[in-house]
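Report on the structure given below.
2 protein chains.
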Amino acid sequence: MKNEKRNNASLSTEISEQIKESIISKELDVGSRLPSELELAEQFNVGRSTIREALKRLAAQSLIRTQRGASGGAFINHIKFEEAHEQQITTSILLLSMNDVKFETACEARFALERACAQFAAHRRTNTDIKEIEKEILIQGQSNLTDEEFCASDIRLHRILVDCAKNPILSYQLAGAVEAMQPLMNMITYTVRSREKIVSFHKTIMRSIKNRDAEGINVGLSNLESYTKTLGQNLLESYK
Amino acid sequence: MKNEKRNNASLSTEISEQIKESIISKELDVGSRLPSELELAEQFNVGRSTIREALKRLAAQSLIRTQRGASGGAFINHIKFEEAHEQQITTSILLLSMNDVKFETACEARFALERACAQFAAHRRTNTDIKEIEKEILIQGQSNLTDEEFCASDIRLHRILVDCAKNPILSYQLAGAVEAMQPLMNMITYTVRSREKIVSFHKTIMRSIKNRDAEGINVGLSNLESYTKTLGQNLLESYK
DNA sequence: CATTTTTCATTTGTCAGACATTTAAAAACA
DNA sequence: TGTTTTTAAATGTCTGACAAATGAAAAATG
Numbered sequence: 177m178k179n180e181k182r183n184n185a186s187l188s189t190e191i192s193e194q195i196k197e198s199i200i201s202k203e204l205d206v207g208s209r210l211p212s213e214l215e216l217a218e219q220f221n222v223g224r225s226t227i228r229e230a231l232k233r234l235a236a237q238s239l240i241r242t243q244r245g246a247s248g249g250a251f252i253n254h255i256k257f258e259e260a261h262e263q264q265i266t267t268s269i270l271l272l273s274m275n276d277v278k279f280e281t282a283c284e285a286r287f288a289l290e291r292a293c294a295q296f297a298a299h300r301r302t303n304t305d306i307k308e309i310e311k312e313i314l315i316q317g318q319s320n321l322t323d324e325e326f327c328a329s330d331i332r333l334h335r336i337l338v339d340c341a342k343n344p345i346l347s348y349q350l351a352g353a354v355e356a357m358q359p360l361m362n363m364i365t366y367t368v369r370s371r372e373k374i375v376s377f378h379k380t381i382m383r384s385i386k387n388r389d390a391e392g393i394n395v396g397l398s399n400l401e402s403y404t405k406t407l408g409q410n411l412l413e414s415y416k
Numbered sequence: 177m178k179n180e181k182r183n184n185a186s187l188s189t190e191i192s193e194q195i196k197e198s199i200i201s202k203e204l205d206v207g208s209r210l211p212s213e214l215e216l217a218e219q220f221n222v223g224r225s226t227i228r229e230a231l232k233r234l235a236a237q238s239l240i241r242t243q244r245g246a247s248g249g250a251f252i253n254h255i256k257f258e259e260a261h262e263q264q265i266t267t268s269i270l271l272l273s274m275n276d277v278k279f280e281t282a283c284e285a286r287f288a289l290e291r292a293c294a295q296f297a298a299h300r301r302t303n304t305d306i307k308e309i310e311k312e313i314l315i316q317g318q319s320n321l322t323d324e325e326f327c328a329s330d331i332r333l334h335r336i337l338v339d340c341a342k343n344p345i346l347s348y349q350l351a352g353a354v355e356a357m358q359p360l361m362n363m364i365t366y367t368v369r370s371r372e373k374i375v376s377f378h379k380t381i382m383r384s385i386k387n388r389d390a391e392g393i394n395v396g397l398s399n400l401e402s403y404t405k406t407l408g409q410n411l412l413e414s415y416k
């Protein structure tokens with residue numbers, strides 16, 4: 177771990193950046209323990225609170241986890257898909273809501289990404305996948321379902337769809353992207369309410385997956401896309 | 177801002193979570209200022225250092241930025257694509273390197289995502305895009321190029337390719353995914369060295385973009401994919 | 001009066017020392 | 001040997017102090 181000064185950022189920022197680089201460059205192994213806060217403070221020649229603030233920064237990014245007590249300390253964290261996923265979604269949601277992205281743009285991106293796994297999904301879907309999708313479609317048909325429950329099931333369904341591709345990286349990237357756009361999508365389904373049609377699209381897509389018909393999946397997704405876009409447009413015009 | 181206690185996490189974690197939710201739920205507007213650290217400490221009934229650690233957590237996620245001096249403080253940050261991008265890449269790189277993802281899986285995901293924008297790229301590419309791609313291809317042909325420079329140009333080229341789709345969300349998601357996999361990819365190009373072939377694939381893809389031939393782009397990307405996979409396999413077997 | 005300089009109050013950044021709390025290992029004990 | 005107690009090390013928190021930055025008000029200056 178080096179000990180140089182670079183820009184004019186705060187000490188705690190610099191220190192956290194240095195440790196971060198050590199982690200990324202694998203100077204520090206996963207699971208290994210950092211020196212105690214007191215030792216780090218001596219090494220970097222700063223106060224303990226400065227070190228603590230640096231460590232909190234790293235903890236916020238799941239780069240380390242801390243443990244209290246004897247033989248406790250800060251350990252290099254093994255980042256799992258779940259954690260990374262959570263973070264990605266939070267960031268993406270904020271990004272979308274703060275940069276007034278057009279609904280059309282978000283919609284286009286979302287379905288383009290989903291279509292990206294159609295080919296794999298058609299080849300690799302299991303019977304379990306089909307059953308799970310059927311389960312969600314059944315749920316979505318219940319008339320006593322709240323909007324929240326319907327949307328939650330919608331998210332699950334699309335996630336299963338993505339998981340059909342049996343590529344964890346694809347799942348990670350896509351699930352993040354799709355879920356991040358869901359708040360925008362929910363705005364639509366909450367207001368316009370068009371469950372029957374959406375469910376019918378889901379059914380079509382499901383049949384294509386069952387038949388291992390990649391092109392059919394793509395068509396189904398594209399249909400759902402244009403329907404969603406229309407809904408979005410109507411909603412927008414109703415505000416004028 | 178509420179003031180309840182929930183789980184058994186540390187105070188600073190809880191406080192940062194509470195503020196985070198206030199930001200996501202838009203209780204707090206972008207650009208607005210949080211109370212000063214002293215005021216927050218009083219509000220939450222904790223010491224100032226606890227508040228500071230909570231704020232550092234939020235700063236690490238780009239949710240707030242802090243400014244010193246009179247009328248300084250912590251401000252809700254407007255997250256821009258650039259920042260979110262950086263974070264996403266860091267997380268993804270660590271995720272990939274820590275979860276021993278198969279090269280084949282990463283490769284498949286990467287090119288599937290890139291193909292997702294072929295259709296749009298074919299329709300929307302501008303002449304400027306073409307020029308920029310040609311520029312990178314020229315660079316990649318230079319024989320005195322270091323491996324680092326070649327890889328950097330490779331990244332830029334694929335990023336331009338993605339940007340051809342003129343969908344900022346697609347660009348954000350894909351560029352993140354593609355760049356995160358680059359270290360794995362670099363491992364290949366560094367060792368096996370086969371620039372001529374890669375450049376020839378790039379040229380084919382470029383021609384398809386120029387001709388607005390979406391299918392051609394897909395074929396070109398798929399060819400590049402299978403070639404890259406072969407290289408990866410050879411490299412793996414040479415280690416046996 | 002207008003402009004420049006100075007002062008000042010506010011706020012974050014850092015440090016030092018103290019105590020609380022947690023936890024694993026060592027020591028004492030039965 | 002097995003159980004309980006003690007102890008030491010580490011993070012978590014609080015307090016008070018000072019440094020440094022910074023904008024605004026006040027004062028000095030022409």
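Going down the list, the sequences are from chains Y and L.
Letter by letter, the first sequence follows residues 177 to 416 in the numbering used here.
Letter by letter, the second sequence follows residues 177 to 416 in the numbering used here.
Cβ coordinates follow ideal geometry from the N, Cα and C atoms, glycine included.
- Message: Going by DSSP in three states, L/GLY248 sits in which element: helix, strand or coil?
- Response: Counted from its first residue, the second sequence places residue 248 of chain L at position 72. In the structure shown, L/GLY248 sits in coil (DSSP, three-state: anything other than H, G, I, E or B).
- Task: With DSSP as the reference, label Y/THR302 as helix, strand or coil.
- Result: On the first sequence, position 126 is the one that residue 302 of chain Y refers to. In the structure shown, Y/THR302 sits in coil (DSSP, three-state: anything other than H, G, I, E or B).
- Query: If you run the structure through DSSP and keep just helix, strand and coil, what is L/GLN237?
  - Reply: Counted from its first residue, the second sequence places residue 237 of chain L at position 61. Looking at L/GLN237 - three-state DSSP - the assignment turns out to be coil, as it is neither helix nor strand.
- Item | Inter-stretch contact at 8 Å, needing at least 3 Cβ pairs: the stretch 322-339 of chain L / the stretch 245-253 of chain L | no
- Could you give the C-beta distance for Y/ILE385 and Y/ALA298, rounded to a whole number, given that I count them as a contact under 8 Å? Counting from one through the first sequence, the residue named residue 385 of chain Y turns up at place 209. Counting from one through the first sequence, the residue named residue 298 of chain Y turns up at place 122. The Cβ separation is near 7 Å, so the contact holds.
- Who are the neighbours of Y/GLU229 on chain L, taking C-beta pairs under 8 Å? Against the first sequence, residue 229 of chain Y aligns to sequence position 53. Below the 8 Å Cβ cutoff, chain L contributes ARG228, GLU229 and LYS232 as neighbours of Y/GLU229, in chain order.
- Query: Per DSSP, what kind of secondary structure is Y/GLN418 in: helix, strand or coil?
  - Reply: The structure shown does not extend to residue 418 of chain Y, since chain Y spans only 177 to 416, so no value can be given for it.
- Quick one: which residues of the stretch 265-282 of chain Y get their C-beta closer than 8 Å to a C-beta of chain L? List them in chain order. THR266, THR267, SER268, ILE269, LEU270, LEU271, LEU272, SER273, MET274, ASN275, VAL277, THR281 and ALA282
- Message: Quick check on DSSP: helix, strand or coil for Y/ARG286?
- Response: Counting from one through the first sequence, the residue named residue 286 of chain Y turns up at place 110. Here Y/ARG286 sits in helix by DSSP.
- Query: Whose Cβ in chain L lies nearer than 8 Å to the Cβ of Y/PHE257?
  - Reply: Position 81 of the first sequence, counted from the first residue, corresponds to residue 257 of chain Y. Within chain L, the residues near Y/PHE257 are LEU271 and ASN275.
- Run of the alpha helix (DSSP H) containing L/HIS261, from where it starts to where it stops: Here residue 261 of chain L corresponds to residue number 85 of the second sequence, with the count starting at 1. First-last of the alpha helix (DSSP H) with L/HIS261: 257-274.
- Around the Cβ of L/LYS373, are there at least 16 other Cβ atoms within 10 angstroms (buried) or fewer (exposed)? Taking the second sequence and counting its residues from 1, the one referred to as residue 373 of chain L is at position 197. An exposed status is given to L/LYS373, since fewer than 16 other beta-carbon atoms sit within 10 Å of its beta-carbon.
- Query: Is the CB of Y/GLN237 under 7 Å away from at least one CB in chain L?
  - Reply: Taking the first residue of the first sequence as position 1, residue 237 of chain Y is located at position 61. Interface residue, yes.
- Spell out whether any CB of chain Y is found under 7 Å from the CB atom of L/GLU197. Within the second sequence, numbered from 1, the residue matching residue 197 of chain L stands at position 21. No, L/GLU197 does not count as interfacial toward chain Y.
- Please confirm if L/VAL206 has its CB atom under 7 Å from at least one CB of chain Y. Taking the first residue of the second sequence as 1, we reach residue 206 of chain L at position 30. Closer than 7 Å: yes.
- Task: Could you say which of L/THR304, L/THR267, L/ALA341 and L/ILE313 lies nearest to L/ALA390 if we only look at CA atoms?
- Result: Locating residue 390 of chain L in the second sequence gives position 214, where the first residue counts as 1. Taking only the C-alpha atoms, the option nearest L/ALA390 is L/ALA341.
- Mind listing the chain L neighbours of Y/SER188? Cutoff is C-beta to C-beta under 8 Å, in chain order. For the purposes of this step, residue 188 of chain Y is taken as residue 12 along the first sequence, with counting starting at 1. For the C-beta of Y/SER188, the chain L residues within less than 8 Å are, from N- to C-terminus, LYS232.
- Query: Using 7 Å as the limit for Cβ to Cβ distance, is L/SER225 near chain Y?
  - Reply: As a position in the second sequence, residue 225 of chain L is number 49, starting the count at 1. By this cut-off, L/SER225 is an interface position.
- Cβ contact (3+ pairs, closer than 8 Å) linking the stretch 228-235 of chain Y and the stretch 189-205 of chain Y: yes
- Identify whether L/ARG209 lies in helix, strand or coil by the three-state DSSP scheme. As a position in the second sequence, residue 209 of chain L is number 33, starting the count at 1. Of the three classes helix, strand and coil, the one that applies to L/ARG209 here is strand, per DSSP.
- Cβ-based neighbour list, Y/SER238, same chain, cut-off 8 Å, excluding 5 preceding and 5 following: To locate residue 238 of chain Y, count along the first sequence from 1; it is residue 62. ASN253, ILE255, GLU259, ALA260 and GLN263, listed in sequence order.
- Task: Pick out whichever of L/ASN320, L/PHE296, L/THR304 and L/MET363 has its Cα sitting closest to the Cα of L/LEU346.
- Result: By 1-based counting over the second sequence, the position of residue 346 of chain L is 170. Nearest of L/ASN320, L/PHE296, L/THR304 and L/MET363 to L/LEU346, Cα basis: L/PHE296.
- Return yes when the Cβ of L/SER225 is within less than 7 Å of the Cβ of Y/SER198, no when it is not. As a first step, residue 198 of chain Y is located in the first sequence; it is residue number 22 there, counting from the start. As a first step, residue 225 of chain L is located in the second sequence; it is residue number 49 there, counting from the start. Going by C-beta atoms, Y/SER198 is not nearer than 7 Å to L/SER225.
- Query: Is there contact between the stretch 344-363 of chain Y and the stretch 278-288 of chain Y, where contact requires at least three CB pairs shorter than 8 Å?
  - Reply: Touching, per the Cβ criterion.
- Task: For L/ILE240, return the contacting residues in chain Y, with the cut-off set at a CB-CB distance below 8 Å.
- Result: Within the second sequence, the letter at position 64 stands for residue 240 of chain L. Close to L/ILE240, with beta-carbon spacing below 8 Å, lies no residue of chain Y; the smallest spacing is near 11 Å.
- Assign L/ARG228 to one of two classes, buried (16 or more other C-beta atoms within 10 Å of its C-beta) or exposed (fewer than that). Counting from one through the second sequence, the residue named residue 228 of chain L turns up at place 52. Result: buried.
- Task: Hey, could you find the ends of the alpha helix (DSSP H) L/ASP389 is sitting in?
- Result: Taking the second sequence and counting its residues from 1, one reaches residue 389 of chain L at position 213. Premise fails: L/ASP389 is in no alpha helix (DSSP H) and is neither H nor E.
- Message: Which residues in chain L have a C-beta closer than 7 Å to the C-beta of Y/GLU284? List them in chain order.
- Response: Here residue 284 of chain Y refers to the residue found at position 108 when the first sequence is read from its first residue. The answer, in chain order, is ASN343.
- Message: Here's the rule: buried if 16 or more other CB atoms are within 10 angstroms of the residue's CB, otherwise exposed. What is Y/ALA356?
- Response: Within the first sequence, the letter at position 180 stands for residue 356 of chain Y. The residue is buried, with at least 16 neighbouring Cβ atoms inside 10 Å.
- Query: Using a Cβ cut-off of 9 Å, which residues of the stretch 296-307 of chain L contact any Cβ in chain Y, in chain order?
  - Reply: PHE296
- State buried or exposed for L/ARG182, treating a residue as buried only when at least 16 other CB atoms are found within 10 Å of its CB. To locate residue 182 of chain L, count along the second sequence from 1; it is residue 6. Any reading at L/ARG182 must be qualified, since the residue scores a pLDDT of 42, below 50, and its modelled position is unreliable; no value is offered.
- Query: What is the rounded straight-line gap between the Cα of Y/ASN184 and the Cα of L/THR404?
  - Reply: Counted from its first residue, the first sequence places residue 184 of chain Y at position 8. Counted from its first residue, the second sequence places residue 404 of chain L at position 228. Near 42 Å, if we compare the C-alpha coordinates of L/THR404 and Y/ASN184.
- Item | Backbone CA spacing between Y/ILE315 and L/THR281 [nearest angstrom] | Residue numbering aside, residue 315 of chain Y sits at position 139 when the first sequence is read from its first letter. Residue numbering aside, residue 281 of chain L sits at position 105 when the second sequence is read from its first letter. Rounded to the nearest angstrom, the two C-alpha atoms are 33 Å apart.
- Query: Can you tell me the Cα-Cα spacing of L/ASN179 and L/GLU218, whole angstroms?
  - Reply: By 1-based counting over the second sequence, the position of residue 179 of chain L is 3. By 1-based counting over the second sequence, the position of residue 218 of chain L is 42. Here L/ASN179 scores only 40 on pLDDT, less than 50, and its place in the model is too uncertain to base an answer on.
- Task: Report the neighbours of L/ARG291 on chain Y: residues whose CB is nearer than 8 Å to its CB, in chain order.
- Result: Along the second sequence, one-based indexing puts residue 291 of chain L at 115. By Cβ distance, chain Y contributes ALA292.
- Task: Count the other CB atoms, across all protein chains shown, that sit within 10 Å of the CB of Y/SER268; report buried if there are 16 or more and exposed otherwise.
- Result: In the first sequence, counting from the first residue as 1, residue 268 of chain Y sits at position 92. So Y/SER268 ends up on the buried side.
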